[in-house]
Amino acid sequence: MADRLFGVIRWRRLWRPPMTSVLLRQLYFTGVESLVLIIAIAIAVGGIIVNQIHYQYGQAGSETLRLLSLLTLNELSPLLTALILIARSSSAMASELAAMQVHGEIRILRRLGLSVRDYLLLPRVLGMVLASFFLSLYFSAATLLAAALAVGGFNGPHELALLGDSLPWRAVGQGVLKSLLFGLAIALMACRAGMRGGVAMTDIPKAASQSVINSLVAVFAVDLVVLLL
Amino acid sequence: MNGTTLQLGDTLYTLPASGAYALVLDEQGGDEAVDGVLTQLQQQDGDLAWLPAEGGLVSNLSLLENCLLPLRWHLRLSPADIEARCEQGLSCLGSCLSEAGWLRQRPAQASRIDRQRALCLRVLLMRPARVLISPGGLQGRFCGEALEALWPRWLSGSLLLYAGGDSSWPALPASESSVT
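For the protein sequence lines, the chains are A and B, in the order given.
The first sequence begins at 1 in the numbering used here and counts up by one.
The second sequence begins at 1001 in the numbering used here and counts up by one.
1) What distance in whole Å lies between the Cβ atoms of L1097(B) and I1133(B), which are believed to be in contact at a cut-off of 8 Å?
2) So S1062(B) contacts chain A; which residues on that side make the cut at Cβ distance below 8 Å?
3) Tell me which residue opens and which closes the beta strand (DSSP E) that T1011(B) is part of.
4) Is T202(A) helix, strand or coil by DSSP?
5) Could you name the residues of chain A that G1009(B) contacts, counting a contact when the two beta carbons are closer than 8 Å?
6) Would M201(A) be called buried (16 or more neighbouring beta carbons within 10 Å of its own) or exposed?
7) Is the Cβ of L122(A) closer than 8 Å to any Cβ of chain B?
8) Could you spell out the range, first to last residue, of the beta strand (DSSP E) harbouring I1133(B)?
9) For the stretch 1034-1048 of chain B, which residues have a beta carbon sitting closer than 9 Å to at least one beta carbon of chain A?
10) Apart from the five residues just before and just after M189(A), which ones in its own chain have a Cβ nearer than 6 Å to its Cβ?
11) How is the beta strand (DSSP E) around W1073(B) delimited, first residue to last?
12) Is Q52(A) helix, strand or coil when you go by DSSP?
13) R1072(B) versus chain A: which residues are under 8 Å apart at the beta carbon?
14) What are the start and end residues of each continuous alpha helix (DSSP H) run of 4 or more residues lying completely inside the stretch 71-125 of chain A, in chain order?
15) Which residue's Cα is closest to the Cα of A1122(B): L1006(B), L1093(B), E1032(B)?
16) Expressed to the nearest angstrom, what Euclidean distance is found between the alpha-carbon atoms of A1174(B) and A193(A)?
17) From N74(A) to P1079(B), what distance separates their C-alpha atoms?
18) Going by beta-carbon coordinates alone, are G183(A) and F133(A) separated by less than 8 Å?
19) Secondary structure at L992(B), three-state DSSP: helix, strand or coil?
20) Among V1034(B), L1063(B), L1061(B), P1070(B), which one has its Cα closest to the Cα of G1046(B)?
21) Is there a C-beta anywhere in chain B that falls below 8 Å from the one on M1(A)?
22) Under 7 Å Cβ-Cβ, which residues of chain B neighbour I204(A)?
23) Taking all protein chains shown into account, decide if E105(A) is buried (16 or more other Cβ within 10 angstroms of its Cβ) or exposed.
24) Tell me whether A1174(B) sits in a helix, a strand or coil according to DSSP, three-state version.
25) Given that a residue counts as buried once 16 or more other Cβ atoms are within 10 Å of its Cβ, and exposed if not, what is N51(A)?
26) Quick one: give me the first and last residue of the alpha helix (DSSP H) that L1051(B) is part of.
27) What residues from the stretch 1078-1111 of chain B come within 7 Å of chain A, judged by C-beta to C-beta, listed N to C?
28) Run through the DSSP bridge pairs and tell me what T1005(B) is partnered with.
29) For my contact list, V172(A) and E159(A) are in at a C-beta cut-off of 8 Å; report their separation, rounded to the angstrom.
30) Considering only residues of the same chain and omitting the five flanking positions on each side of Q1040(B), which have a CB-CB separation below 7 Å?
31) Inspect the beta-carbon positions of G175(A) and S77(A) and report whether they are closer than 8 Å.
32) For A1049(B), tell me which candidate among T1011(B), D1114(B), A1033(B), W1073(B) has the shortest Cα-Cα distance.
33) At a Cβ threshold of 8 Å, is G1056(B) touching chain A?
34) For the stretch 1015-1024 of chain B against the stretch 119-136 of chain A, are there 3 or more C-beta pairs whose distance is under 8 Å?
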C-alpha cells in the first residue's frame, strides 16, 4: 500500500506541465487525426468480411456476426490499427526526433536542463499506447456495426446486442492486451530509430524507414508471442 | 549560493555566488566544452539558465512556448505567477504581453532580433542564480544594448559565466575579468 502511494507521489513529481502538452499533441496527431481513416477502413473491413462469410459461403447472420466479432476483437482490430499507426505515425515520430537530432535541438533541451527521456520520449510512448488502445476500440465498434447493418439491416444493432452473452471474454482481453503492446512496440521502435539519427539530413528518411520496418517486425513478433502464451 | 565548483582541464575553480567571469574554454572543444560546463553546473544545482548566441530554440514550439519551457519544467508556478513574470520580463525588453504578437511566431518565422529577444526573455523569466552565456550570446544589436541596461538590475545577485574561446567580455558589471 505504502509503495503504491509513494509510486503515485513519485509519478506526480515526475510528471511536469510541458509533458502534458507533448502528450496531448501526440494524442491529437496519432489518435484524433487518424480516427476518420480508421473508421473508414473498419467499415470497409466489416463489409468485405460479411460479404465473404455470409453471402459467399451462406453462413447464418448471427453466426457470421459471432465469427466476425471473435476475429475482429481478438486479431483484426489491434493488428490493422497497428499497421495504420505504423504507416501514419511511426514514421512521422521517427522523422521528427531525427530532425531534432540533426538540428541540434536534442542538445538544446539537455542544455536547458530538461530530461530528453521524460520530455520527448515518455509522453510520445504513452500517447501512442493510448491512441492504439482507443483506435482499436473504435475500429472494433465500426467493423461490427457495419457488419451488423450489412447482415440484418435495421435489425442489425439488435443482433449485435445479443452477441454480448456469447462473446469469449478471454479473446477480448487478448485483443486489449495486443492493442496496448502493439502501441508500446511501435512507439519504442520509432523513438529508437529517431534518437539514433545522425547529423546529416539523409539520416532523417533513413530513421523513418528503419522505424517502419522495425515496428512491423516488432508488432508481428508481439502478436506471435501473445498467441503462444 | 556559495561553493560553485567547476573543473576545467586539470584545474578546479571555486566560484563565488555572484559576479561575472569569462571562462576561457578549449577552442577545439566547441559545443562539447560548453556542454561539459553546463553538465557540471546542472549537477550541483539546477538553478541555472543558458543564453546562447543563436539557435537555442526548438523549431516546433512558438517563441513564447520556447521561453516558458524551462520555466514550466523547473519551477511549479501558478499561471498568474507565470503571467506576472512574463509581463515583468517583457517590460524590461520594452514590450508587454498585449503587444507581444512576435512571441506567437515559430523561430523560423521570426526575425533574428525577435529570436534574440526570446532568448533573453527565457533567461529573465527563470531569474536564475547562475547564467552561462555561450560565445556571442551578448552580441548583436539588440542584446548588446538591452542587456547592458538590464543585467545590473535584474541579475545583479547572479553568477554570470561567459563561456568561450576568448575572454572578450561585453560591458557588464564584472567584478573580475577572468577565472583562467
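Note that the Cβ used here is the ideal one computed from N, Cα and C, for glycine as well.
According to the structure shown:
1) So it is not a contact: roughly 26 Å between Cβ atoms.
2) The premise fails here: S1062(B) is roughly 12 Å from chain A at the closest Cβ pair, so nothing lies under 8 Å.
3) 1011-1015
4) coil
5) None at all; the shortest Cβ gap to chain A is about 21 Å.
6) exposed
7) no
8) From DSSP, the beta strand (DSSP E) with I1133(B) extends over 1130-1133.
9) V1034, D1035, L1038, T1039, Q1042, G1046, L1048
10) S211, N214, S215, A218
11) From DSSP, W1073(B) is part of no beta strand (DSSP E) but of the alpha helix (DSSP H) over 1063-1074.
12) helix
13) R16, P17, P18
14) 77-85, 91-102, 105-111
15) The question names Ala, but residue 1122(B) in the sequence shown is Arg. The shortest C-alpha separation from R1122(B) is found at L1093(B).
16) Confidence at A1174(B) is low in this model, with a pLDDT of 38, below 50, so its placement is unreliable and the value that follows should be read with caution. Between A1174(B) and A193(A), the C-alpha separation is close to 46 Å.
17) 45 Å
18) yes
19) Beyond the ends of chain B as shown, which are 1001 and 1180, falls residue 992(B); an answer cannot be given.
20) Comparing Cα positions, the closest option is P1070(B).
21) Unreliable placement is indicated for M1(A), whose pLDDT of 49 sits below 50; the coordinate value is still reported in the next sentence. False, the Cβ-Cβ gap to chain B never drops below 8 Å.
22) Those do not exist, as I204(A) stays about 13 Å from chain B at its closest Cβ, beyond 7 Å.
23) Note on E105(A): 16 or more other CB atoms within 10 angstroms of its CB, so buried under the neighbour-count rule.
24) Confidence at A1174(B) is low in this model, with a pLDDT of 38, below 50, so the placement of that residue should be treated as unreliable; the coordinate-derived value is given next. Collapsing the DSSP output to three states places A1174(B) in coil.
25) Burial call: exposed.
26) L1051(B) -> not in any alpha helix (DSSP H); beta strand (DSSP E) instead, spanning 1048-1051.
27) none
28) T1014(B)
29) The beta-carbon separation of V172(A) and E159(A), rounded to 18 Å, does not stay under the 8 Å limit for a contact.
30) L1006, Q1007
31) The answer is yes: Cβ separation under 8 Å.
32) W1073(B)
33) Chain A, which has a Cβ nearer than 8 Å to the Cβ of G1056(B), makes this yes.
34) no
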